[in-house]
Structures are given as C-alpha cells and as structure tokens.
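The structure appears right after this line, and notes come after that.
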Amino acid sequence: MGRSDFGIPWEGDRRLTDLDFADDIALTAESQPTLQDMTTSAETEAGKVGLRISCQKTKVMQVGDQQTNTNLHISGEPVENVRQFTYLGSTVTAEGDTDTDISARIGKAASVFRRMNPVWNSGKISRVLKTKLLQSVVIPTALYACETWKITTRMRNKLDAFQQRCLRKILHITYRDRITNEEVYHRTGTKPLSTTIIERRMRYAGHVLRMTSDRHAKTSVFWKPEGKRKRGRPKLTWRRALQKDLESKGITLKDAESLAEDRTEWRRLAA
316 MGRSDFGIPW EGDRRLTDLD FADDIALTAE SQPTLQDMTT SAETEAGKVG
366 LRISCQKTKV MQVGDQQTNT NLHISGEPVE NVRQFTYLGS TVTAEGDTDT
416 DISARIGKAA SVFRRMNPVW NSGKISRVLK TKLLQSVVIP TALYACETWK
466 ITTRMRNKLD AFQQRCLRKI LHITYRDRIT NEEVYHRTGT KPLSTTIIER
516 RMRYAGHVLR MTSDRHAKTS VFWKPEGKRK RGRPKLTWRR ALQKDLESKG
566 ITLKDAESLA EDRTEWRRLA A
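Residues in the sequence shown are numbered consecutively from 316, following our numbering.
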C-alpha cells in the first residue's frame, strides 16, 4: 500500500489505508478507482504468499450522502455493495451509527438468555447464582465492544429495558407487581447497563489517552475529517460522548490527557 493517494487523509501528512486483524482486512479509499487499485494490489501481494481473496466474502460500502453502487472487482468478479457489514464482531454502517450494532447485540444476548430458561425457572438454583450467571454469560454478549459505542438515549433505554426484563424473570416478578427498577437493581446487586457502558468507555479512554500520538486509536479521538459539516445539530461521535462523560465529572478533554497518566486516579474517576 505504498502509493501516496491510497487511503484517506489522516493526521498530519499521514494516510489511513487499511485496518487489519489476522486475515480480516478493511481497505479505505476516497474514490472508486483508487479502491480498485488498492484491492488489486492487495490481491497481487496475497497471491505471492499463496493466499487468495474471496470475492463472495468481500463487501464494499460507500460512506456519505451520495449513495451510488461502487464498481469493484476481484479477479474479474463484481463485489457486492452493502449498507452495512460485520467486522471483528461489530456491525459497521454507512451512516456511522451504532444503533444497528447495539440492536444486534441485544438480539444475540436475548437468544442466549432464552436458551438458559431452564436455569432461570429452576427452584434449585439460588437467585445469587442466577444473577452471577446472567452477569457472566448474558451481559457480556450484550455489551461486546461497548466501550467504543457512541450510544444515544433511545438505545441506552433499550439496553436498560432488556436488562430489567432479565432481572425480573430471575426474581419472578413482572411490571404489574409495581416494583421499581431501582428496587430490582438493589435486590440483585446490579446496576444499569447504561452506567456500565459509561464506566467502560471511561476506562478505555484512559488507555487511549495514555498512548503515544502516533497510535491510530489516539489519532482517531482527536482527528477532524476534512470537508464541511452539514447544517444542524452535530452528529453524536465517540469523542462527543466521551466529552459528556467527562463534563459530568467536571473535566475537559484537554485536562483528561494529563489526568489519565495517573492510573489510580483515572480508575477512581471511571468508577
């Protein structure tokens, strides 16, 4: 990926060309011709070591307001255009939102919870053990990669509602019993998933802020894409979500960089 026009403009004079994890590769480009050249280059280099890119498993997604099909080919075969794809277990959408990913996580967690119905209905298993199983098996499925979410109020409420349904089933109570959510959390020794998400995002932010400036994760926090923003209310981004978390604790993003160096203090802030 050596050509100067490959990738997208990154911080300074750097360009972001690809995201890799094992054999899962996501290429980024500013135009269809450049993306085709990058794909062909990757295909050629892979062939040198006996690897082949599967056209059936490859997808192309265009980001932006003007949505047209991108004509991309691998070994002469057309690549499918999509509005979203799954990368490393998370759903990436053309709109850049996390609602689709969160809904998918809730669906997967609900499926796990249903498969464990014999456990929840058992009179031989204590409430404490049931709660521990929920926290160790079901909830991790729902919150996979939640530290990277820029979660909206609607999705935050959706996650908390899912958790309440699970906890109430364990307690064998319904909403008709007029028991408040706070009482449910108290009886089970748990807290809202929305609170857990904020804590995990804060902890992850501490790791990122301690990174050197050349690390992609840190660059992405402070990166400002080229071009003009549309009129109206700015879209929620991960950085803006983090800023809200910090503001609730009376901290600015600039101050957070120096505070994050003290791991003990940052853990206290994140709790």
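We treat Cβ as the ideally placed atom computed from N, Cα and C, and that holds for glycine.
Subject >> Range of the contiguous alpha helix (DSSP H) that encloses residue 570 >> reply: What you label residue 570 is simply residue 255 of the sequence shown in a count that begins at 1. First-last of the alpha helix (DSSP H) with residue 570: 568–574.
Original post:
residue 561: buried (16+ other C-beta within 10 angstroms of its C-beta) or exposed?
Top reply: Counting from 1 along the sequence shown, the entry for residue 561 is found at position 246. Its Cβ being crowded by 16 or more others within 10 Å, residue 561 is buried.
Original post:
The beta strand (DSSP E) spanning residue 409 covers which residue range?
Top reply: Working through the sequence shown from its first residue, we reach residue 409 at position 94. Residue 409 -> no beta strand (DSSP E), and no H or E assigned at all.
**OP:** With DSSP as the reference, label residue 537 as helix, strand or coil.
**Re:** Taking the sequence shown and counting its residues from 1, the one referred to as residue 537 is at position 222. It is helical.
**OP:** For residue 435, collect the residues of the same chain with a Cβ closer than 7 Å to its Cβ; drop the 5 residues on either side in sequence, then sort them by chain order.
**Re:** One-based indexing of the sequence shown puts residue 435 at position 120. Cβ within range, chain order: 445, 484 and 485.
**OP:** Would you mind stating whether residue 321 and residue 330 have Cβ atoms separated by less than 9 Å?
**Re:** Here residue 321 refers to the residue found at position 6 of the sequence shown. Here residue 330 refers to the residue found at position 15 of the sequence shown. The answer is yes: Cβ separation under 9 Å.
Subject >> Among 512, 503 and 557, the one whose alpha carbon lies nearest that of residue 523 >> reply: Within the sequence shown, numbered from 1, the residue matching residue 523 stands at position 208. With distances taken between CA atoms, residue 523 lies nearest to 557 out of 512, 503 and 557.
**OP:** State the Cα-Cα distance for the pair residue 440 and residue 508, rounded to the nearest angstrom.
**Re:** Here residue 440 is taken as the residue at index 125 of the sequence shown, counted from 1. Here residue 508 is taken as the residue at index 193 of the sequence shown, counted from 1. Between the alpha carbons of residue 440 and residue 508 lies a gap of roughly 24 Å.
**OP:** Identify the continuous alpha helix (DSSP H) that holds residue 421 and give its terminal residues.
**Re:** On the sequence shown, position 106 is the one that residue 421 refers to. Per DSSP, residue 421 belongs to the alpha helix (DSSP H) from 414–430.
**OP:** Can you have a look at residue 382 and say buried or exposed, based on whether 16 or more other CB atoms are within 10 angstroms of its CB?
**Re:** The residue labelled residue 382 in the question sits at position 67 within the sequence shown. When all chains shown are included, residue 382 counts as exposed.
Subject >> Among 460, 471 and 427, nearest to residue 452 - alpha-carbon criterion >> reply: The sequence position of residue 452 within the sequence shown is 137, counting from 1. If we check each option's Cα against that of residue 452, 427 comes out closest.
Subject >> DSSP-derived helix/strand/coil call for residue 379 >> reply: Here residue 379 corresponds to residue number 64 of the sequence shown, with the count starting at 1. Collapsing the DSSP output to three states places residue 379 in coil.
**OP:** Return the first residue and the last residue of the alpha helix (DSSP H) that residue 448 is part of.
**Re:** For the purposes of this step, residue 448 is taken as the residue at position 133 of the sequence shown. Where residue 448 is concerned, the enclosing alpha helix (DSSP H) stretches over 442–448.
Original post:
Around the Cβ of residue 537, are there at least 16 other Cβ atoms within 10 angstroms (buried) or fewer (exposed)?
Top reply: Indexing the sequence shown from 1 puts residue 537 at position 222. So residue 537 ends up on the exposed side.
**OP:** Identify every residue that forms a DSSP beta bridge with residue 374.
**Re:** By one-based count along the sequence shown, residue 374 stands at place 59. Under DSSP, residue 374 forms a beta bridge with 395.
Original post:
Which class does residue 433 belong to by DSSP, given the choice of helix, strand or coil?
Top reply: Residue numbering aside, residue 433 sits at position 118 when the sequence shown is read from its first letter. Residue state for residue 433 is assigned as helix, using DSSP reduced to three classes.
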